[in-house]
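Undergrad:
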Amino acid sequence: MTTHVLLVRLAAPLQSWGVASRFAAHRDSHVRPTKSAVIGLCAAALGRDRTDPVDDLAALAFGVRADHPGTPVRDYHTVGAGRFPLRPRDVITDHRRAAAVAASMAAADGPGFGHHELAGWYGAPKKITADPVSGALVSAELSRSAMITERWYLSDAAFVVGIEHQDRALLEDIAYALEHPKRLLWLGRKSCPPSGTLAAEILPGTIATAFAAKLLLPGPDGPDTSGRRPWAWVQVPSGTRGALQVNDQPVSFDPAHRAHVTRWEARTRITIAPTATGWDIIP
48 MTTHVLLVRL
58 AAPLQSWGVA
68 SRFAAHRDSH
78 VRPTKSAVIG
88 LCAAALGRDR
98 TDPVDDLAAL
108 AFGVRADHPG
118 TPVRDYHTVG
128 AGRFPLRPRD
138 VITDHRRAAA
148 VAASMAAADG
158 PGFGHHELAG
168 WYGAPKKITA
178 DPVSGALVSA
188 ELSRSAMITE
198 RWYLSDAAFV
208 VGIEHQDRAL
218 LEDIAYALEH
228 PKRLLWLGRK
238 SCPPSGTLAA
248 EILPGTIATA
258 FAAKLLLPGP
268 DGPDTSGRRP
278 WAWVQVPSGT
288 RGALQVNDQP
298 VSFDPAHRAH
308 VTRWEARTRI
318 TIAPTATGWD
328 IIP
């Protein structure tokens, strides 16, 4: 039976494809989009919840062509530092804070709230617990130190993703959803929205033949006429000689039961065909 391939353009000033650093201080980025991230992108575009099944999307064969691999960049990121004025609820629900600022509030002229601070206190407390005196939910610590993270991104990268299936109608639904998404889309992180057109055309054949039939994505200086052969990573049957296992085959995106399994992937150079077509995109 004939298979079809939907080509998807993933380009933006920044991308970040984390593989092993969820909620960690060091947040990495893979050198290319992962299958899990792209399937999640498609599921979001279709309007699916994280708890919805993704078996039909996970069954898609996956490949990625690195037209412009981009440059790794590091962001030294801090959150959770500084002092903020007390709010009425902070004083009403937490007797500790009320006692700490009682003198300054009694001596104040004008409004009683919004002009008082607690040294070292940050306005988004963590470790919420029930206060033994009032029973109100309060923070178990009145001060917080800044959280420091090291985040990695790919700058000015552009990839072509191929998703292959026998059901052309499914690919058409995904293509439409990518251009009319029901949920916000991003390239790995919420700070990395995609730029321009995502869904390209649907071609008959395999991912490898589809990659060869499409010219390289234009770069910052216009169309790439160098004739270079980009690297591509294409999903292959398990046990294929020379292929490697990667742990990014999604099973569930449910936050309580998030799961992935391994799949097989082969790296290859793509020779662009002389008859390859260009891109009709909004950059």
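For the sequence shown, the working numbering gives the first residue as 48, with consecutive numbering after it.
Backbone N, C-alpha and C fix where the C-beta goes; we use that ideal spot for every residue, glycine too.
Quantities reported herein were computed from a predicted structural model and do not represent experimental measurements.
Straight-line CA distance for residue 312 to residue 245?
TA: 23 angstroms
Undergrad: Could you give the DSSP three-state label for residue 238: helix, strand or coil?
TA: coil
Undergrad: Rounded to a whole number of angstroms, what is the C-alpha to C-alpha distance between residue 216 and residue 267?
TA: 34 angstroms
Undergrad: Is residue 232 closer than 8 angstroms to residue 92 when the C-beta atoms are compared?
TA: yes
Undergrad: Do you know whose CA, among 278, 288, 321, lies nearest residue 112's CA?
TA: 278
Undergrad: Using 8 angstroms for Cβ pairs, my map puts residue 196 next to residue 72. What's the rounded Cβ distance?
TA: 5 angstroms
Undergrad: How many angstroms separate the CA atom of residue 212 from the CA atom of residue 178?
TA: 56 angstroms
Undergrad: Give the range of the beta strand (DSSP E) segment to which residue 56 is assigned.
TA: 51-62
Undergrad: Alpha carbon to alpha carbon, what distance is there between residue 269 and residue 103?
TA: 37 angstroms
Undergrad: When you compare the CB positions of residue 199 and residue 74, do they come within less than 8 angstroms of one another, or not?
TA: yes
Undergrad: If residue 126 sits next to residue 194, beta carbons under 8 angstroms apart, how far is it from one beta carbon to the other, in whole angstroms?
TA: 5 angstroms
Undergrad: Starting from the C-beta of residue 325, find all residues in its chain whose C-beta is less than 6 angstroms away, skip the five residues before and the five after it, and write them out in chain order.
TA: If we look at residue 325 and ignore the five residues flanking it on each side, its Cβ neighbours are 262.
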